[in-house]
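Undergrad:
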Amino acid sequence: MSGPAREHRVGQAFVALADTLVDDYDIIDLLDQLVGHCVDLLDADAAGLLLADGGGQLRLVAASSEDAQTTELLQLQADEGPCLESYRTVGQVRVPDLAEMSARWPVFAAAVQRAGAFRSVHAIPLRLRGQAIGALNLFHGVPGALPEADLALGQALADVATIGILSERAVRRGEVLTEQLQTALNSRVVVEQAKGVIAQRLGLPMDAAFDRLRRFARARNLRLAEVARRVVAGELEPAGLGSRGSRSPQ
Amino acid sequence: MAELGTVTRALLGMVRDGDDERALAGRICRACVDGLDVDGAAISLFTAHDSRQTLWATDAVAELLEELQFALGQGACMEAATTGRPVLVADVHRPADTVRWPIFAAAVVDQTPVRALFALPLQWGAVNLGVLDLYRATPGGLSDPQWRDARGAVDTAALMILGLRTDPDAGVDGAGGWLDHTTGHRAEIHQATGMVLAQLGIGPTDALARLRGHAFAHQRPLIDVARDVVARRMVFTEDMI
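Residue numbers (our numbering), protein chains in the order written: chain A, 1 to 250; chain B, 1 to 241.
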């Protein structure tokens, strides 16, 4: 992507994110858009976002792709990998070439090898007052370190995620960060369950199921997590989520 | 990274030893009293039939707090249970803190030495498993580290209770183990739970129990069974184990 073209898209992405932050937004939806922007703006082949739960365990909250291998690579990092290191050190972790990785993170390295699609990995912390609350993960199919400018942009996107998590329903009395993290993580559980219900009932793959859920929520200005809850509770029929259609622009 | 709190660590380190829900609730409550500078704790759970039941209270005051809420149909714990959000009351003598349940607050002031009250929901996705109630005889909120620890503790406790409730072999001492933190939060397991829920027309907790039951009966890791379901290599039917 050329310089001016990218600058324009960066601008658009932040305007879109800022717009979202003004409204009564859904955190899962916001984080999902954000990993989409990461892939788009940083030429990544996959991106994901992990947040720490109350037990200090990293949990997947958003991924640019539903494919099993990407999901696996992200989830594995609850135990080891660049994301966990980024979270623990509150710093950026650059792995320009996977060859360097096996000694540091044998299980993660083996999984990347198996996946076959990625050659370099970067992790960027979600920072808050000197601590990290999670990490953003970027996967590239080509080896090489990301330029500083890209890392800075990645950090800016990670900071937007942090702000989004912090301010969601922040007006509610007495609400604090840990609770917002918990809400995001709990929402993710319900969204995944709802995807399963929709996939089963309508015979769709997971990403298409997620798309139905998201488009229904957006079109009606409802929270993704609330729509998901109704699907899981049987209050909303998957067939009522609308017909097959093109993916809505992000 | 923030250090894990005392109670969270204690819960993560607990070994399965054939506890039933009541015994487990007791261990969780005692860990909270030991580590959070509170005077008492209680756990009330929702049973499969949606009724609430106090499983454990560390002392008579904690028990009375639960009873008052059941009797009056209102209170901090009731609110936490309904909304799925924590309710923190630094001082029950301050009317501003208790406007949403004045009758309960009056009864607490009248009949108990309780000054501060913290009701924390035990949640798994949209499923509300129950509420952990903590009280102090002196006014004052939880400090930041205590609050973090309390959140970590309820997070862990919820997974322990869910693990017990969906245990495929509850009769054998600790056979099914806990739902460990890593496995318990995998996306594929939630997706498979949703699919099994739709296949059998049951709730999420029962669907997870079926997945765990199958994994246990066939001596396979839960995550593998979940992946088979998501990949449609396996469909659950009423009569299968």
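All C-beta atoms in this analysis are idealised placements derived from N, C-alpha and C, irrespective of residue type, glycine included.
#1: For the candidate residues B:193, B:224, B:231, B:22, whose alpha-carbon lies nearest to that of residue 205 of chain A?
#2: If we count the other Cβ atoms within 10 Å of its Cβ and call it buried at 16 or more, is residue 221 of chain A buried or exposed?
#3: For a cutoff of 9 Å on Cβ pairs, would you count residue 54 of chain A as touching chain B?
#4: DSSP three-state label for residue 124 of chain A, please.
#5: Sort out for me which residues DSSP pairs residue 54 of chain B with in a bridge.
#6: Quick check on residue 182 of chain A: buried or exposed, where buried means 16 or more other Cβ atoms within 10 Å of its Cβ?
#7: Distance cutoff 9 Å, beta carbons only. Does residue 220 of chain B sit that close to anything in chain A?
#8: Counting Cβ pairs closer than 8 Å, one from the stretch 111-129 of chain B and one from the stretch 223-234 of chain A, do we hit at least three?
#9: Under three-state DSSP, which class holds residue 216 of chain B?
#10: Specify, as a first and last residue, the run of the alpha helix (DSSP H) that residue 72 of chain B falls within.
#11: Pull the bridge partners of residue 121 of chain B from the DSSP assignment, please.
#12: Report the option in A:224, A:135, A:201, A:29 whose CA atom is closest to the CA atom of residue 239 of chain A.
#13: Would you mind working out which of B:4, B:20, B:3, B:10 sits nearest residue 161 of chain B, comparing C-alpha positions?
#14: Just mark residue 300 of chain A as buried or exposed, buried being the case when its beta carbon has 16 or more other beta carbons within 10 Å.
#15: Does DSSP classify residue 234 of chain A as helix, strand or coil?
#16: Just verifying my parser: in three-state terms, what is the DSSP assignment at residue 185 of chain B?
#17: Can you find a C-beta in chain A that's less than 9 Å from the C-beta of residue 94 of chain B?
#18: When the Cα of residue 88 of chain A is compared with those of A:51, A:119, A:193, A:218, which residue comes out closest?
#19: By the 9 Å beta-carbon criterion, what residues does the stretch 179-196 of chain A contribute toward chain B?
#20: Where do the ends of the alpha helix (DSSP H) carrying residue 159 of chain B lie?
#21: Within 9 Å (strictly less), CB to CB, does residue 59 of chain A reach chain B?
#22: Inspect the CB distances between the stretch 119-135 of chain A and the stretch 15-24 of chain A and report whether three or more fall short of 8 Å.
#23: Helix, strand or coil for residue 221 of chain A per DSSP?
#24: Could you please tell me which residues of the stretch 190-212 of chain B, in chain order, have their CB closer than 9 Å to any CB of chain A?
#25: Alpha carbons only, please: which of B:99, B:14, B:65 is nearest the one belonging to residue 39 of chain B?
#26: For residue 61 of chain A, write down the residues that DSSP places opposite it in a beta bridge.
#27: With a threshold of 9 Å between beta-carbons, can residue 200 of chain A be considered close to chain B, or not?
#28: Closer than 7 Å by C-beta to residue 44 of chain A: which residues in its own chain qualify, once you throw out the five before and the five after it? Chain order, please.
#29: DSSP on residue 92 of chain A, reduced to helix/strand/coil?
#30: Starting from residue 90 of chain B, trace the beta strand (DSSP E) both ways and give me its first and last residue.
#31: For residue 71 of chain A, is the classification buried or exposed, using 16 other Cβ atoms within 10 angstroms of its Cβ as the cut-off for buried?
#32: With which residues is residue 136 of chain B paired in a DSSP beta bridge?
#33: Can you name the residues of chain B whose CB is closer than 8 Å to the CB of residue 233 of chain A?
#34: Counting only Cβ pairs nearer than 8 Å, list the residues of chain A close to residue 4 of chain B.
#35: Does the beta carbon of residue 75 of chain A come closer than 9 Å to any beta carbon on chain B?
#36: So is residue 121 of chain B buried or exposed if we call it buried at 16+ other beta carbons inside 10 Å?
TA: A quick look at the data gives this:
#1: Within the first sequence, residue 205 of chain A is the residue found at index 205, counting from 1. Considering only alpha carbons, the answer is B:231.
#2: The residue labelled residue 221 of chain A in the question sits at position 221 within the first sequence. The residue in question, residue 221 of chain A, is exposed, as its Cβ has fewer than 16 Cβ neighbours within 10 Å.
#3: The residue you call residue 54 of chain A lines up with position 54 of the first sequence. It does; some Cβ of chain B falls within 9 Å.
#4: Translated into the one-based positions of the first sequence, residue 124 of chain A becomes position 124. The answer is strand: DSSP assigns residue 124 of chain A an E or B state.
#5: Sequence index remark: in the second sequence, residue 54 of chain B carries index 54 (1-based). According to DSSP, residue 54 of chain B shares a beta bridge with B:44.
#6: By one-based count along the first sequence, residue 182 of chain A stands at place 182. With 16 or more other Cβ atoms within 10 Å, it is buried.
#7: Within the second sequence, the letter at position 220 stands for residue 220 of chain B. It does not; no Cβ of chain A falls within 9 Å.
#8: yes
#9: Position 216 of the second sequence holds residue 216 of chain B. In this structure, residue 216 of chain B counts as helix in the three-state DSSP scheme.
#10: On the second sequence, position 72 is the one that residue 72 of chain B refers to. Run containing residue 72 of chain B: 60-72, per the alpha helix (DSSP H) assignment.
#11: By one-based count along the second sequence, residue 121 of chain B stands at place 121. In the DSSP output, where bridge partners are listed per residue, residue 121 of chain B has B:131.
#12: Here residue 239 of chain A refers to the residue found at position 239 of the first sequence. Out of A:224, A:135, A:201, A:29, A:201 has the C-alpha closest to the C-alpha of residue 239 of chain A.
#13: Residue 161 of chain B sits at position 161 when you count from the first residue of the second sequence. Answer by Cα proximity: B:20.
#14: What the structure shows of chain A is the stretch from 1 to 250, and residue 300 of chain A is not part of that stretch, so it cannot be assessed.
#15: The sequence position of residue 234 of chain A within the first sequence is 234, counting from 1. Reduced to three states, the DSSP call for residue 234 of chain A is coil.
#16: The residue given as residue 185 of chain B occupies position 185 in the second sequence. Residue state, collapsed to three classes: coil.
#17: For this step, residue 94 of chain B is matched to residue 94 along the second sequence. Taking Cβ atoms only, chain A never reaches closer than 9 Å to residue 94 of chain B, which makes this a no.
#18: Against the first sequence, residue 88 of chain A aligns to sequence position 88. Among A:51, A:119, A:193, A:218, the Cα nearest to that of residue 88 of chain A is on A:51.
#19: 179, 181, 182, 183, 185, 186, 187, 188, 189, 190, 191, 192, 193, 194, 195, 196
#20: Mapped onto the second sequence, residue 159 of chain B falls at position 159. 144-165 is the span of the alpha helix (DSSP H), which, as asked, contains residue 159 of chain B.
#21: What you label residue 59 of chain A is simply residue 59 of the first sequence in a count that begins at 1. Answer yes: the Cβ-Cβ gap between residue 59 of chain A and chain B drops below 9 Å somewhere.
#22: no
#23: In the first sequence, the residue the question calls residue 221 of chain A occupies position 221. Note: residue 221 of chain A maps to coil in three-state DSSP.
#24: Result list: 190, 191, 192, 193, 194, 195, 196, 197, 198, 199, 201, 203, 204, 207.
#25: For this step, residue 39 of chain B is matched to residue 39 along the second sequence. The shortest Cα separation from residue 39 of chain B among B:99, B:14, B:65 belongs to B:65.
#26: Here residue 61 of chain A refers to the residue found at position 61 when the first sequence is read from its first residue. According to DSSP, which records beta bridges pairwise, residue 61 of chain A is partnered with nothing at all.
#27: Taking the first residue of the first sequence as 1, we reach residue 200 of chain A at position 200. At least one chain B Cβ lies under 9 Å of residue 200 of chain A.
#28: Against the first sequence, residue 44 of chain A aligns to sequence position 44. Setting aside the 5 residues that flank it on each side, residue 44 of chain A is surrounded in the same chain by 38, 138, 139, 140, each with a C-beta closer than 7 Å to its C-beta; the list follows chain order.
#29: Mapped onto the first sequence, residue 92 of chain A falls at position 92. Coil, per DSSP.
#30: Working through the second sequence from its first residue, we reach residue 90 of chain B at position 90. Taken as a continuous stretch (DSSP letters only), residue 90 of chain B belongs to no beta strand (DSSP E), as it is neither H nor E.
#31: Mapped onto the first sequence, residue 71 of chain A falls at position 71. By the neighbour-count rule (16 or more Cβ atoms within 10 Å), residue 71 of chain A is buried.
#32: Counting from one through the second sequence, the residue named residue 136 of chain B turns up at place 136. According to DSSP, which records beta bridges pairwise, residue 136 of chain B is partnered with B:116.
#33: Start at 1 with the first residue of the first sequence, and residue 233 of chain A comes out as number 233. Identification of chain B residues near residue 233 of chain A by a Cβ-Cβ cut-off of 8 Å yields 126, ordered along the chain.
#34: Working through the second sequence from its first residue, we reach residue 4 of chain B at position 4. Chain A residues near residue 4 of chain B: 55, 56.
#35: Numbered from its first residue, the first sequence carries residue 75 of chain A at position 75. Using a CB distance cut-off of 9 Å, residue 75 of chain A counts as an interface residue toward chain B.
#36: Residue numbering aside, residue 121 of chain B sits at position 121 when the second sequence is read from its first letter. Burial check for residue 121 of chain B: the Cβ neighbour count within 10 Å reaches 16 or more, so the residue is buried.
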